[in-house]
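Student: In this text, residue positions in the sequence shown follow the UniProt record's numbering: the first is 1, and each later residue adds one.
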Amino acid sequence: MSEKDPTQATHRKRPSKPTKMGAMGLPVTSNGDEYIMDTNNSSIVSMRSVEKLYYPNQPEYLRYFVRKFQRRSPLINRGYWLRMKAVETYVSDFLSESNGNTKVVVNLGCGYDPIALQFLGLRSEQCENTVFVDVDHPRLIHKKLDIIRNTPPLIDLLPGVRFGEQGATVLADASQYKGVGCDVRDIHALDRVLRTLVDVETCSVALLLTAEVSVAHMEQPAAQEILEWAARLPDARFCLLEQHLPDGADHPFAATMLKHFRKLRTPLHAIGTLNDTRRRFEAAGWPSGGVDIQTLWQVWSNEHFVTSVERQALDKVEAFDEWEEFALFGSHYFLLQASNQSKETVGSTEDRGDTSKSGAREESHLQLSPRNFEASAIPGLYEDRRFAAATIVPYNCLAGVEKRVVVGHWGGMGHQQRHKSADAYNSDIATSGNEAPLRRLIELPSGLVGHTITTCTLPEPSLVLIGGRGAPDKATDACWRLTDGLWKPTHSLPRDRFRHCAMEITSCPSLETASTTVLVFGGKTSTGDILNDWLLLDPVNGWVSCQMSGEHPEPRFGAASSVDASGASGMILGGMRSDGTVIEDAWSWRLDISRAGLTIHCANLFSESASDERRSLYRFGAQIVQHGAETLLVGGIASRGMLDRSNEIMSLTNLMGLRVTWIQRPLLIGFSTLSCKDGLLLLGGGAICFSFGAYWNKNQHIKETGKNTASWRALDLSAASPEQSCGSVSRGTEANLHDGIGKEPVNIGRSKIPRPVDFYNVLLASQPVILEQLNIGPCTRLWTTDYLNKRIGAERLVIVHDSATAKMDFQAKNFRYQTIPFGDLLTGAQAGRHMYLRALSSDRPSETATDLAKDFPAIARDFTLPTELAYVEEHAHSSPLRISGPVNMWLHYDVMANVLCQIKGSKRLLLYAPADVVHLGIGPGASSSSMNPFEPSSVDQKNLSRVIAHEAVLNEGDVLFIPPLWLHTAKPLSNLSIAVNVFFKDERMEKAYAAGKDVYGNRDIAAYERGRRDVQKIIKGFDGLSEQVRSFYLLRLAEELKASI
1 MSEKDPTQAT HRKRPSKPTK MGAMGLPVTS NGDEYIMDTN NSSIVSMRSV
51 EKLYYPNQPE YLRYFVRKFQ RRSPLINRGY WLRMKAVETY VSDFLSESNG
101 NTKVVVNLGC GYDPIALQFL GLRSEQCENT VFVDVDHPRL IHKKLDIIRN
151 TPPLIDLLPG VRFGEQGATV LADASQYKGV GCDVRDIHAL DRVLRTLVDV
201 ETCSVALLLT AEVSVAHMEQ PAAQEILEWA ARLPDARFCL LEQHLPDGAD
251 HPFAATMLKH FRKLRTPLHA IGTLNDTRRR FEAAGWPSGG VDIQTLWQVW
301 SNEHFVTSVE RQALDKVEAF DEWEEFALFG SHYFLLQASN QSKETVGSTE
351 DRGDTSKSGA REESHLQLSP RNFEASAIPG LYEDRRFAAA TIVPYNCLAG
401 VEKRVVVGHW GGMGHQQRHK SADAYNSDIA TSGNEAPLRR LIELPSGLVG
451 HTITTCTLPE PSLVLIGGRG APDKATDACW RLTDGLWKPT HSLPRDRFRH
501 CAMEITSCPS LETASTTVLV FGGKTSTGDI LNDWLLLDPV NGWVSCQMSG
551 EHPEPRFGAA SSVDASGASG MILGGMRSDG TVIEDAWSWR LDISRAGLTI
601 HCANLFSESA SDERRSLYRF GAQIVQHGAE TLLVGGIASR GMLDRSNEIM
651 SLTNLMGLRV TWIQRPLLIG FSTLSCKDGL LLLGGGAICF SFGAYWNKNQ
701 HIKETGKNTA SWRALDLSAA SPEQSCGSVS RGTEANLHDG IGKEPVNIGR
751 SKIPRPVDFY NVLLASQPVI LEQLNIGPCT RLWTTDYLNK RIGAERLVIV
801 HDSATAKMDF QAKNFRYQTI PFGDLLTGAQ AGRHMYLRAL SSDRPSETAT
851 DLAKDFPAIA RDFTLPTELA YVEEHAHSSP LRISGPVNMW LHYDVMANVL
901 CQIKGSKRLL LYAPADVVHL GIGPGASSSS MNPFEPSSVD QKNLSRVIAH
951 EAVLNEGDVL FIPPLWLHTA KPLSNLSIAV NVFFKDERME KAYAAGKDVY
1001 GNRDIAAYER GRRDVQKIIK GFDGLSEQVR SFYLLRLAEE LKASI
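1) Return the CA-CA distance between residue 814 and residue 799, expressed in angstroms with no decimal places.
2) Spell out a yes or no on whether the segment 639–658 and the segment 239–257 are touching, meaning 3 or more CB-CB pairs, one atom from each, closer than 8 Å.
3) Thinking C-alpha only, which one of 102, 957, 589 and 80 is nearest residue 296?
4) Below 7 Å CB to CB, which residues in the same chain sit around residue 733 once its five sequence neighbours on both sides are set aside?
5) Express the C-alpha separation of residue 390 and residue 467 in angstroms, rounding to a whole number.
6) Cutting at 8 Å between CB atoms, please list the residues of its own chain near residue 66, excluding the five before and the five after it.
7) Measuring straight from C-alpha to C-alpha, what distance separates residue 83 and residue 241?
8) If you measure between the beta carbons of residue 376 and residue 701, is that distance less than 8 Å?
9) In chain order, what residues of the same chain lie with their CB nearer than 6 Å to the CB of residue 61, ignoring the 5 residues before and after it?
10) Which one of 136, 695, 474 and 194 has the shortest CA to CA distance from residue 214?
11) Could you tell me which residues DSSP puts in a beta bridge with residue 882?
12) As a quick exercise: from 793, 423, 933 and 977, pick the residue whose alpha carbon is nearest that of residue 968.
13) As an exercise, report each continuous beta strand (DSSP E) stretch of at least 3 residues that is fully enclosed by the segment 896–979, in chain order.
14) Put residue 647 into one of helix, strand or coil per three-state DSSP.
15) Taking only the alpha-carbon atoms, compute the straight-line gap between residue 917 and residue 942 and give it to the nearest angstrom.
16) Got a sec? Which residues, its chain only, sit under 7 Å from residue 223 by beta carbon, not counting five neighbours each side?
17) Residues in its own chain within less than 6 Å of residue 348 by CB, not counting five upstream and five downstream?
18) Using the beta-carbon count (16 or more within 10 Å), is residue 1025 buried or exposed?
19) Can you list, in chain order, the residues of its chain with a C-beta nearer than 6 Å to that of residue 1049? Leave out the 5 residues immediately preceding and following it.
20) Within the chosen definition, does the segment 173–191 reach the segment 126–144 through at least 3 CB pairs nearer than 8 Å?
21) Quick one: which unbroken beta strand (DSSP E) runs of 3-plus residues sit fully inside the segment 149–228? Chain order, please.
22) Round the Cβ separation of residue 381 and residue 716 to the nearest angstrom and send it over; I've been treating them as touching at under 8 Å.
23) Would you grab the beta carbon distance between residue 387 and residue 450 for me? Rounded to a whole angstrom, and I think it's under 8 Å.
24) For residue 1133, count neighbouring C-beta atoms within 10 Å of its own C-beta (all shown protein chains included) and say buried if the count is 16 or more, exposed if not.
25) Could you spell out the range, first to last residue, of the alpha helix (DSSP H) harbouring residue 275?
26) Just to confirm, are residue 757 and residue 526 a CB contact at a threshold of 8 Å?
27) Look at the alpha carbon of residue 471 and the alpha carbon of residue 998, and state the distance between them as a whole number of angstroms.
28) For residue 312 versus residue 639, is the C-beta distance shorter than 8 Å?
29) When you compare only the Cα positions, how much space is there between residue 444 and residue 421?
30) Using DSSP with H/G/I as helix, E/B as strand and the rest coil, what is residue 1026?
31) Could you check if residue 1028 is buried or exposed, using at least 16 other CB atoms within 10 Å of its CB as the buried criterion?
32) Restricting to Cα atoms, I'd like to know which of 490, 138 and 791 is closest to residue 166.
33) Less than 8 Å between the beta carbons of residue 852 and residue 858, yes or no?
34) To the nearest angstrom, how far is it from the Cα of residue 770 to the Cα of residue 885?
35) Taking contact to mean at least 3 C-beta pairs separated by less than 8 Å, is the segment 267–287 in contact with the segment 546–555?
36) Taking DSSP's pairing of strands, which residues face residue 688 in a bridge?
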């Protein structure tokens, strides 16, 4: 095992001194050998991650070679699973040959790979006449055998084993296992020891030599010598799993991979194309008909190696959506199977899947168009983002901005988290001399990937945000409409989904209130179901299911889709099945809208077997864009091999590739592309290149060479005033309230929610919003001071906060708790006293959360939660009555979400996103701050300049949804303010809430409370060290924790 896993690619231990190694009787190694052997330590950790997660019911062998389990990312786990499965399958094929020969499996550069132990322990019936030989540097083999010697479950697999002395070559000798300490580059020594262990010249012995990512690290002459030596053995097979360069060393994934290994001082010397590798084997003496090569991406789809059932079962272990990155990894690794015997002896290719036909067709490039294209950089400030959504923004969505062409690029995955933000772009032609920048595009309701944003008219021009996901198993059915600068909830999908197709339909005569709308096809759900439904958005009735006529495409996600000039027909290409294989088909579709209903007519475009050119059409994660009279297919991953520079952009009009001169060669996955008048915009994209590092595309403008075009640029979204904002919220009657808060606050939007499911979508979005036109009962009319005194009782005693100033501070406790008659509270508040009631339970206030119905039954019926808030009522935790005079509530957060219902008077609130907590003076373990955002000190002003306040002015009847952990403070705008909060639990967090009593709904989750205790233990562990040492390591731990966020 000789591949470095990047998660362990730093802080390598310094090689032991040669004198020390020599004194121990071990061969002296060069630094280069040390670096190569070091890769074993990290690779085995990744294999152990696979063993523990993916084989929970099998005996564990790798655990003994790894000190501490480390869970790898789903991408690395799946990559190593495939590597292990590929080699394991070929070894099993070899052992299953029914020719009566003694089978000898020689693992060259074995490292800690326990494949011999796994076969002896798990497949003993296959190993009756088999000998396993592990070969690696003596120092590494010594360590491996020491572990085996001291581990009963391992040593028991090798009955009668004898261990060699220091300096010996054969360091372990059992009937079915040999451990050989030998530099695999020393062919003469390797040949000599192998012949002492096995009578290789007899016709009753067959050998299989395996090498997994070890030969590529050798200099090419040494690597070639191994291939030549193995070819001369009488009855030999060779299984080689290594890296290769399918599209040259400048391909972004290849360049990232090569740079990674150079940085580790373990460069890949013997690396080339698949054809280079085949020629090397043939030159070494292996018969051309006995060499089969396929990439690991092809192995993944080969039923002999991985069945459809096995592929689907992996998703049950870990939710997975890194398909493009996985395909890139698989396309840069190959599995070679060679034999110096006839195929009739070793088993036909049909027995193992047709590997020769599925091998990479490196010399079958697509014919290139005679037209040449060139790319130029798009200057300006923008975020790196992958799997975002881009579209042209209709004019009316640009609140307060003159008409201009603006492209918005929303959401996507950033360096550490999913974005809610957007970038904006326009051209010098579109600007028409006005350079005033746009301040910001309104953020998405939540950070999303796999979503779509499509233009439609419902009835006015707007953008529709459809579906998407957070984590791969956290998709949403929520849909939102952007118009007048505000994302408003609209009709939800029948099922959650992401990576669906969304197409703008411009011909829909039967939809009276919409001239254009959106058609959705397919996608994947949170539970892993793959969809093939067709849904049309009706502005009145919501999503309407279309009937199918004729053939029906199989369920898929990640397909490429288009709409032609008719506005109601187009095509669907490729996509992926539930088993993670790319679908090789192409369909035309046509929408028929009539009084009888909605019908989709589909037809398979190609019924006969596909040519190489047509196979390039079948992709996952690609995009179709119309550029002039030409329809272009851009990027993605292909079904049978990696796309190269000749076909990654191809014309569907003539099936020719486009030649582009890039300023930086992009990785055409996770990108967005749009056609503009003078070319194409390529925005975002890139990939996590397995364990080698990340690659981020530069935004580029593609145009035909020699043509003069406009220059596109990213707009500065931070420098302009709110009046120049794109997508800012319309300001209310109190819009001029600004008290030195720092940055200009953003008004919280207002929205109507006609159905309970619409509120659930608001909850999923986790953004504050004022809910309008909800019927909360007659309380807004009845709750006068006289009415309340009469119903509750003016003499009833209540506990209030009584403050000497207009700003209460929970940390400083600048108020007193006073028990006073309820009537005095109302009188004092109306007179301007700084008094505040937050009702408590009348029964056991220190143990039970307050409930309006139980604590104030005389007025409880006046306040009702409407059916639209059924989720709140079903999951309610508490419902405190709040009555206050002109006194500010301190800045704080609540762990539970709540709806704040304003009944009498009005108040102004400032809210801050949870990520801003580090700037707002919340101490460790606290949930409130002494900071006063309404009248900040000079020190507070500096911190507030780093955050954005979200402002709401609540009037009677308004309901404000406050998501969990959003920090907020309130300032009454009238002497008397009356409100009811209803705190409620989010069922998605049910297991996370702290156990025990939580009277106020703001007790931090259990994981945080445990974490704080763990932090104290960690700090205590550094007691007794100098301050410099202590600070050094605590700072490093802090950075590691920050990097994981």
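For glycine and all other residues, C-beta sits at the position ideal for the given N, C-alpha and C. Computed from a predicted structure; not experimentally measured.
Tutor: Judging by the given coordinates:
1) Per the coordinates, the alpha-carbon of residue 814 lies some 16 Å from the alpha-carbon of residue 799.
2) Short answer: they touch.
3) Answer by Cα proximity: 80.
4) In this prediction, residue 733 scores a pLDDT of 29, lower than 50, which makes its location untrustworthy; the coordinate-derived value is nonetheless stated afterwards. Same-chain partners within the cutoff: there are none.
5) Residue 467 and residue 390 have their C-alpha atoms some 15 Å from each other.
6) These residues qualify, in order along the chain: 44, 45 and 48.
7) Per the coordinates, the alpha-carbon of residue 83 lies some 8 Å from the alpha-carbon of residue 241.
8) Yes. Within cutoff.
9) Contacts found: 114, 117 and 118.
10) For the residues 136, 695, 474 and 194, the minimum Cα distance to residue 214 belongs to 136.
11) BP columns for residue 882 point to 838 and 979.
12) Among 793, 423, 933 and 977, the Cα nearest to that of residue 968 is on 933.
13) With a minimum length of 3 residues, the continuous beta strand (DSSP E) runs that stay inside the segment 896–979 are 897–904, 907–912, 950–954, 959–962 and 967–972.
14) Residue state for residue 647 is assigned as coil, using DSSP reduced to three classes.
15) Cα to Cα, residue 917 sits roughly 14 Å from residue 942.
16) Within the same chain, residue 223 has close Cβ partners 215 and 270.
17) Any reading at residue 348 needs caution, since the residue's pLDDT is 42, under 50, leaving its predicted position unreliable; the model's value is listed next. Apart from the 5 residues on each side of it in sequence, residue 348 has no Cβ closer than 6 Å to any other Cβ in its chain.
18) So residue 1025 ends up on the exposed side.
19) The shown model of the chain, from 1 to 1045, leaves out residue 1049, and the question about it has no answer.
20) Because the criterion of three Cβ pairs below 8 Å is met, the segment 173–191 and the segment 126–144 touch.
21) Complete beta strand (DSSP E) runs here, min 3: 170–173, 177–181 and 205–212.
22) Going by Cβ atoms, the distance from residue 381 to residue 716 rounds to 6 Å, so yes, they are a contact pair.
23) Contact between residue 387 and residue 450 holds: CB atoms are separated by about 6 Å, below the 8 Å threshold.
24) Because residue 1133 is not part of the residues shown, which for the chain are 1 to 1045, the question remains open.
25) Taken as a continuous stretch (DSSP letters only), the alpha helix (DSSP H) holding residue 275 covers 274–283.
26) Cβ distance not < 8 Å, so residue 757 and residue 526 don't count as in contact.
27) If you draw a straight line from the Cα of residue 471 to the Cα of residue 998, it is about 29 Å long.
28) No.
29) Distance between the alpha carbons of residue 444 and residue 421: 6 Å.
30) Secondary structure of residue 1026 (DSSP, three-state): coil.
31) By the 10 Å Cβ count, residue 1028 comes out exposed.
32) Per the C-alpha coordinates, the member of 490, 138 and 791 positioned closest to residue 166 is 138.
33) No; because the gap between Cβ atoms is not below 8 Å, this pair is not in contact.
34) Cα to Cα, the separation comes out at about 23 Å.
35) Fewer than three Cβ pairs drawn from the segment 267–287 and the segment 546–555 lie within less than 8 Å of each other, which leaves the two stretches out of contact.
36) Per DSSP, 694.
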